[in-house]
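Data first, discussion second: the structure below is written as structure tokens.
2 protein chains.
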Amino acid sequence: MSRAWLEQVQFNPQGLVPAIAQDAGSGRVLMLAWMDRDALAETMERGEAVYFSRSRGRRWRKGERSGQVQRVVEIRLDCDGDTVLLLVEQAGGAACHTGRESCLFRRLENDDWEIIDPVLKDPETLYGR
Amino acid sequence: MSRAWLEQVQFNPQGLVPAIAQDAGSGRVLMLAWMDRDALAETMERGEAVYFSRSRGRRWRKGERSGQVQRVVEIRLDCDGDTVLLLVEQAGGAACHTGRESCLFRRLENDDWEIIDPVLKDPETLYGR
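Dropping the structure here:
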């Protein structure tokens, strides 16, 4: 399989590129994570989001523990080639490890961050703690 | 003015945080750029997006040359505090320096990046070259 498309992606000095996941249906921005070259290639091949965890130093199939898989509908690239956008269908309706739809659940109001989203899934259920 | 909200933002070792700009009306993801602490504070105070250009090493008011200002409707923060989302009204309807609505105008199709958006504004008009 040709990998010419991968050559057009500009990875940073750590070999990573930021990837935004957006819900293909609602348009909600769900999260931002990072991908190395292999994670991006695997995302395309599997049709499910695979990221690179900087804290754990390894690739990570979104949903591998929680089941909250992201099925990839489209992969987009920006003008500079250094940002990826995934349009996804979010299994279970919750992208965030807190059990919320989106990781971006805090809104700045009156100089404070207000939580604007409900918890849809009990994190203990998602992660079996 | 209290800056306690700024203390909850996790800037990377370079003092930067990624900021996603999303059109508040259409929901289209327009771009990803970076902010330092002062850019984020100034974005809140001005109500218009201010970023930090890593290539130029300075803050940059979006639209300062092109007029393509982003009026900020909401500022959101993610669960880890290390990603910012701006909901914006994009002046002129084109966020990208290429004159397109969104910087994320390439879609992966058959192992190649296909341009899916038209040029709405002549870049020469935007930047006066």
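Which chain is which? The protein sequence lines are Y and B, in order. Under the numbering used here, think of the first position of the first sequence as -17, with each following residue one higher. Under the numbering used here, think of the first position of the second sequence as -17, with each following residue one higher. Where a beta carbon is used, it is the ideal one built from N, C-alpha and C, also for glycine.
The continuous beta strand (DSSP E) containing R43 (chain Y) extends over residues 40 to 43. It is roughly 21 Å from the alpha-carbon of L108 (chain Y) to the alpha-carbon of I98 (chain Y). Of all residues in the region -3 to 14 of chain Y, those with a C-beta nearer than 9 Å to a C-beta of chain B are P0, I2, Q4, S8, G9, R10, V11, M13, L14, reading in chain order.
Residue Y:T80 holds the alpha-carbon nearest to the alpha-carbon of L102 (chain Y) among Y:T80, Y:R89, Y:E91, Y:G110. For the 7 Å CB-CB criterion, V70 (chain Y) and V51 (chain Y) do not form a contact.
Sequence-ordered contacts of the region 56 to 69 of chain Y with chain B read E56, I57, R58, L59, D60, C61, T65, L67 [C-beta pairs closer than 7 Å]. The continuous beta strand (DSSP E) containing L67 (chain Y) extends over residues 66 to 72. With contacts defined as CB atoms closer than 7 Å, W(-13) (chain Y) and L(-2) (chain Y) fail to qualify as a contacting pair. Here DSSP, grouped into helix, strand and coil, assigns D99 (chain B) to coil. Taking C-beta atoms as the reference points, A77 (chain B) and M13 (chain B) count as a pair closer than 7 Å.
Taking C-beta atoms as the reference points, A21 (chain B) and V11 (chain B) fail to come closer than 7 Å. Under the criterion of beta carbons closer than 8 Å, Q(-10) (chain Y) and G63 (chain Y) qualify as touching, at roughly 5 Å. Comparing alpha carbon positions, the residue from Y:R(-15), Y:E106, Y:I57, Y:I2 closest to L67 (chain B) is Y:I2. Excluding its 5 nearest sequence neighbours in each direction, P100 (chain Y) has C-beta neighbours in its own chain below 8 Å: R82, listed in chain order. Using a Cβ-Cβ cut-off of 7 Å, T80 (chain B) counts as an interface residue toward chain Y, since at least one Cβ of chain Y sits closer than that to its own. In the DSSP assignment, L(-2) (chain Y) falls outside any beta strand (DSSP E) and carries neither an H nor an E. Here D94 (chain B) is exposed, its C-beta having fewer than 16 other C-beta atoms within 10 Å. Interface flag for W95 (chain B) against chain Y is set, since a Cβ pair is found closer than 7 Å. Boundaries around A21 (chain Y) are those of the alpha helix (DSSP H), 19 to 28, since no beta strand (DSSP E) includes it.
With its beta carbon at least 7 Å from every one in chain B, W42 (chain Y) lies outside the interface. Within a 10 Å sphere around the beta-carbon of P(-5) (chain B) sit fewer than 16 other beta-carbons, which makes this residue exposed.
At a cut-off of 7 Å between beta carbons, L22 (chain B) makes no contact with chain Y. CA-to-CA, the gap between R(-15) (chain B) and S37 (chain Y) works out to about 28 Å.
Spanning the alpha carbons of D60 (chain B) and C85 (chain Y) requires a straight line of approximately 5 Å.
Within the DSSP bridge table, the entry for F34 (chain B) names B:R41 as partners.
Counting every other CB atom within 10 Å of its CB across the protein chains shown gives E30 (chain Y) a total of 16 or more, marking it as buried.
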